[in-house]
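Just so you know, the sequence shown maps onto residues -23 to -1, 1 to 358 in mature numbering (1 follows the signal peptide of the UniProt record, and there is no 0).
Every residue, glycine too, gets a C-beta built ideally from N, C-alpha and C.
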Amino acid sequence: MAKVLCVLVVSALLSLFHGFTTATVKTEDGSEEWGYVEVRPRAHMFWWLYRSPYRVNDPSRPWPVILWLQGGPGASGVGIGNFQEIGPLDSNLKPRNSTWLRVADLLFVDNPVGTGFSFVEDASNDKLLVKTDEEAADDLTTLLIMIFNRDEGLQKSPLYIVAESYGGKFAVTLALAALDAIEAGKLKLTLGGVALGDSWISPEDFVYKLNNSVAEKIRDELIHGKYVEATTSWRELEEVISQSSNLVDFYNVLLDAFMDPVSSVAAEELGNAIAAQRYSTYLNYLKSSSSSPGSDGDINSLMEGPIRKKLKIIPKNVTWGGQGNAVFNNFQGDFMKPRINEVDELLAKGVNVTVYNGQLDLICATKGTEAWLGKLKYVFV
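Structure representation (structure tokens):
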């Protein structure tokens, strides 16, 4: 783990919530930097930047920055994406040989506000938590302005927005919002491209591939613009699949939920009700202790223990993932809306969009991805 000794660049907490100001902290060697940005009044977004020790200074090939966007909505990129997927350390704080830090600087964000260590000062106030992908993109654009506009070094690096699951919807809406801000002279960065991994770009195409009576009901609800109802029906569809399949692991169809360290804890805790929020398995896992064989460590204890101590600026009343369920629930009206048009718009603007998909994902299944790719208007040469 990087040196715990940190330099507080901007004073952070004038009081627990009231008077909270933007804060930035760096490790002594400058290899890591993190902080809060108040993206809107009383809405605070947390970010963490790793500068790669493998950086190669080559003017012909500028060293990239990867912005990682997690799914959910309400799953923590700072926690899950960082310590369980691509960051320099795993959730046991052991070096990860496959870290993406070998090829880029890494920027993790707890997005939308209310996710992970990001927070709103009153989670019961619907106006503070965002409800749509576009609103989340506006907050993220504000964050990028605050981070990049003050750092000439970062401005020389192309930014690649990489996302998984629901994060794909955030990625394409953010890319368009960022391009608008760049063209308006508000944001100083170069957008290198967007990568969509197992991304929930067209919910209907993923649902229709499951082909049963509940899927047909969802089809009818989407046709009539009943997006909240479609989200509820989607949860019903997950329950049907879970009960008919011995709780198949939605993230690895070769396993059932009790065989997957991430899913098993949630399954044990929620029993048959796990399907009610299966897409947000991450959120249930955040509050669980992982004691399963082969587990990658208890991420919740990690974030609330040594990571919280290292970061120093997390308010006492903020619990990692504490507002995650509220974030997910606030997206009920947007959850089932497609973002195919946004992908088309990015392609038309000349943005490099990469799509990749794992063959074991039941939610964002490969056949669904192939289906929405076939709906793109963009003509590939």
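Does the Cβ of residue i have 16 or more other Cβ atoms within 10 Å, making it buried, or fewer, making it exposed?
i, result
"residue 346", "buried"
"residue 72", "exposed"
"residue 304", "buried"
"residue 190", "exposed"
"residue 351", "exposed"
"residue 200", "exposed"
"residue 28", "buried"
"residue 270", "The predicted model places residue 270 with a pLDDT of 33, which falls under 50 and marks its position as unreliable, so this point remains unresolved."
"residue 61", "buried"
Taking the alpha helix (DSSP H) that residue i belongs to, which residues open and close that run?
i, result
"residue 284", "Per DSSP, residue 284 belongs to no alpha helix (DSSP H) and is neither H nor E."
"residue 349", "343 to 350"
"residue 85", "Unbroken run through residue 85 is the beta strand (DSSP E), 82 to 86; no alpha helix (DSSP H)."
Using CA atoms only, rank isn't needed, just tell me which of the options is closest to residue i.
i, options, result
"residue 90", "330, 62, 332, 53", "53"
"residue 205", "126, 309, 162, 281", "309"
"residue 399", "118, 143, 167, 122", "With the chain covering -23 to 358 only, the question about residue 399 has no answer from this structure."
"residue 217", "337, 192, 182, 133", "192"
"residue 11", "313, 18, 2", "2"
"residue 17", "35, 59, 50, 123", "123"
"residue 98", "21, 83, 207, 284", "21"
"residue 78", "140, 6, 43", "43"
"residue 162", "170, 125, 194, 147", "125"
"residue 299", "83, 69, 95", "95"
"residue 116", "75, 69, 148", "148"
"residue 35", "213, 133, 57", "133"
Within a Cβ cutoff of 6 Å, which residues of the same chain sit near residue i, ignoring the five residues on either side of it in sequence?
i, result
"residue 334", "175, 343, 346"
"residue 349", "178, 179, 182, 317"
"residue 331", "172"
"residue 315", "179"
"residue 353", "321"
Which residues bound the beta strand (DSSP E) around residue i?
i, result
"residue 173", "167 to 176"
"residue 185", "From DSSP, residue 185 is part of no beta strand (DSSP E) but of the alpha helix (DSSP H) over 180 to 185."
"residue 155", "Unbroken run through residue 155 is the alpha helix (DSSP H), 144 to 160; no beta strand (DSSP E)."
"residue 44", "42 to 46"
Identify every residue that forms a DSSP beta bridge with residue i.
i, result
"residue 17", "20"
"residue 135", "167"
"residue 331", "172"
"residue 326", "Residue 326 pairs with nothing; no bridge assigned."
"residue 76", "For residue 76, which the question treats as bridged, DSSP gives no partner whatsoever."
"residue 141", "174"
"residue 11", "2, 25"
In chain order, what residues of the same chain lie with their CB nearer than 7 Å to the CB of residue i, ignoring the 5 residues before and after it?
i, result
"residue -16", "In this prediction, residue -16 has a pLDDT of 45, which is less than 50 and means its spatial position is unreliable; what the coordinates show is noted afterwards. If we look at residue -16 and ignore the five residues flanking it on each side, its Cβ neighbours are 2."
Apart from the five residues just before and just after residue i, which ones in its own chain have a Cβ nearer than 8 Å to its Cβ?
i, result
"residue 8", "-22, 27, 28, 30"
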